Amino acid sequence: LTTPDGHLLRANQAVCQMSGYNEAELQNSTDFENTYPADRQVGFDLLAELLAGQRDSYQVEKRYVRKNGQVFWTRLTLSAVRDAQGKLSHLVSMVEDIDEQKRVLEELQKSEARFRTLFTTAAVGIGILSLDRKLIDANPALCEMYGYDCNELVGNTSLMVTHPDDYPRASAQLQRLLNGEFDSFFDERRYIRKNGEAFWAHITMSLVRDDHGQPLYIVGLVNDIDEQK
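The working numbering puts the first residue of the sequence shown at 88, with every later residue one more than the last.
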């Protein structure tokens, strides 16, 4: 609980543990002072609206500084408490420590950026298939290999490009992968380019699972080995 100008009135044990300060120490400081300097203006316009009676609450994500100097992310929900005449009495702040979530999200974004760079620039063809065997995405190398634009390939199954003589075995291998008999396999098979030309490729198909072991999608790596053949 804080005064409208940000001075602490009361703090529960969770806030004290989160900040590293005891309640008395927090009462001798303001929310502004405990906020990470770069985030001191975060939500400032929303706070002005709340103090002016234009809103009753708002939520922002901002960083605070613990007593030991460590910076951490929070999700702050600030609500106004008014008396019977509508005059602002005090503010209620609910503070949730989301620092771990932020770190995980940041790592995920970095990982996705690395994958997207690899996906786009790799010399080997990369295709991502849904569990119903339809292509979700194809990198430039794969599109060039088949002679199709990405939007021509997406939504189609490998039947569109697999050589008819090799399709039955390819389909059976993919089904065994989906059945969980193995997590990946490699093979050599023929494909058909858009211009009708057949070519040999070495392929690796891998099943990607979530943290609980449930299948998400299939990643296929395709390397043109026609010249070698």
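Using N, Cα and C, we set each Cβ at its ideal position, and we do this for glycine too. No experiment lies behind these values; they were computed from the predicted model shown.
Whole-angstrom Cβ separation of residue i and residue j, contact assumed at under 8 Å?
i: Val-311; j: Met-232; result: For clarity, residue 311 is Asp in the given sequence; the question names Val instead. Yes, they are in contact, since the Cβ atoms of Asp-311 and Met-232 sit about 6 Å apart, within 8 Å.
i: Ala-98; j: Leu-113; result: 5 Å
i: Val-211; j: Ala-228; result: 6 Å
Going by C-alpha to C-alpha distance, which of the options sits closest to residue i?
i: Gly-107; options: Asp-253, Gln-301, Lys-197, Lys-154; result: Lys-154
i: Leu-163; options: Asn-99, Lys-221, Gln-146; result: Gln-146
i: Arg-127; options: Glu-136, Tyr-151, Leu-178; result: Tyr-151
i: Asp-186; options: Ala-98, Leu-175, Gln-157; result: Gln-157
i: Ala-101; options: Asp-219, Ser-166, Glu-183, Ala-135; result: Glu-183
i: Pro-302; options: Glu-120, Leu-216, Gly-212, Asn-109; result: Leu-216
i: Leu-294; options: Asn-266, Glu-275, Asp-313, Asp-274; result: Asn-266
i: Lys-316; options: Glu-275, Asn-282, Gly-300; result: Glu-275
i: Phe-273; options: Ala-135, Ala-257, Asp-297; result: Ala-257
i: Lys-149; options: Asn-121, Glu-136, Ala-135, Cys-230; result: Asn-121
i: Leu-137; options: Gln-104, Leu-205, Arg-169; result: Arg-169
i: Gln-172; options: Gly-140, Thr-208, Asn-238, Arg-220; result: Gly-140
i: Ser-116; options: Leu-261, Gly-93, Arg-220; result: Gly-93
i: Thr-207; options: Cys-230, Leu-218, Glu-193, Asn-238; result: Cys-230
Determine whether the beta carbon atoms of residue i and residue j lie at a separation below 8 Å.
i: Arg-277; j: Phe-269; result: no
i: Gly-214; j: Gly-307; result: yes
i: Arg-203; j: Gly-234; result: no
i: Ile-223; j: Tyr-123; result: no
i: Ala-259; j: Leu-240; result: no
i: Pro-91; j: Leu-165; result: no
i: Val-309; j: Ala-285; result: no
i: Ser-271; j: Thr-291; result: yes
With a threshold of 6 Å on Cβ separation, who are the neighbours of residue i within its own chain once the five nearest residues in sequence on each side are excluded?
i: Ala-189; result: Rather than Ala, the amino acid found at residue 189 in this sequence is Lys. Hits under 6 Å: Trp-160.
i: Asp-143; result: Ala-167
i: Cys-237; result: Ala-225, Cys-230
Would you identify the three-state DSSP class for residue i, choosing helix, strand or coil?
i: Val-168; result: strand
i: Tyr-123; result: coil
i: Phe-159; result: strand
i: Ser-245; result: helix
i: Leu-205; result: helix
i: Asp-274; result: strand
i: Tyr-235; result: coil
i: Leu-95; result: strand
i: Leu-88; result: coil
i: Pro-251; result: coil
i: Lys-149; result: strand
i: Val-295; result: strand
i: Glu-183; result: strand
Counting only the same chain and skipping the five closest in sequence on each side, list residues whose C-beta sits under 7 Å from that of residue i.
i: Thr-89; result: Leu-95, Leu-96, Asp-118, His-177, Leu-178, Ser-180
i: Val-248; result: Tyr-233, Tyr-278, Ile-279
i: Leu-246; result: Tyr-254
i: Arg-296; result: Pro-302, Leu-303
i: Lys-221; result: Gly-242, Asn-243, Thr-244
Can you find the residues in the same chain that come closer than 8 Å, C-beta to C-beta, to residue i, ignoring five residues on each side of it along the sequence?
i: Asp-321; result: In the structure displayed, the chain extends from 88 to 316; residue 321 sits before or after that span and is not available.
i: Cys-103; result: Asn-109, Glu-110, Leu-113
i: His-250; result: Arg-276, Arg-277, Tyr-278, Ile-279, Ala-285
i: Ala-125; result: Arg-150
i: Asn-282; result: Gly-234
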